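So the structure is just underneath, and the comments pick up after that.
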Amino acid sequence: MSQQPILELKNISFGYRKDKLVLRGVSLTIPAGARIALVGPNGAGKSTLFLHLNGILHPLSGQLLFKGEPYRYSRAFTTYLRQKIGLVFQDQDTQLFAGSVFDDVLFGPMNLGLSRGEAERRAAAAL
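Offset between the sequence shown (1-based) and the working numbering: plus 1.
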């Protein structure tokens, strides 16, 4: 019996301008536990695709599913999604914005509304 995919993209299209698509009919299935690599030249749409996975960008057409559930762009769903799907940016200057690595890791739990103590405990455990 096959396991349900963790992520599915079905015929996704997106453009920063409506007259010029960056993604055209992209379909992708990522099985749970899989390790994948997405490679291509600069400007191929890799980052744009990844920004769709945690709900930062919304497709113009097509459908995204997380564990078989269609994406909803409500605050509750995107918060849930971003707890499950994280992005690490290629440029470390874009990724790290706090004064230390600990403070940078601490940002996520604090942004979820956890107490300072709980956020610090989780950041320390993650590191």
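Ideal Cβ positions, reconstructed from N, Cα and C, are used throughout, including at glycine.
Just so we're clear, the structure is a prediction, and the values are computed from it rather than from any experiment.
Rounded to the nearest whole angstrom, the CA to CA distance from A120 to K85 is 17 Å. C-alpha of S101 to C-alpha of L88: approximately 19 Å in a straight line. In the structure shown, S62 falls within a strand segment according to DSSP collapsed to helix, strand and coil. Nearest in C-alpha terms to T49, of all of M111, E70 and L58, is L58. Look at R36 here: in three-state DSSP terms it is coil, with no helix or strand label. Within the same chain, and ignoring the five residues on either side of Y72 in sequence, the residues whose Cβ sits closer than 6 Å to its Cβ are L65. In this chain, S101 is not harboured by any beta strand (DSSP E), its DSSP state being neither H nor E.
Listed in chain order, the non-local C-beta contacts of R76 below 8 Å within the same chain number zero, local neighbours out to five positions each way being set aside.
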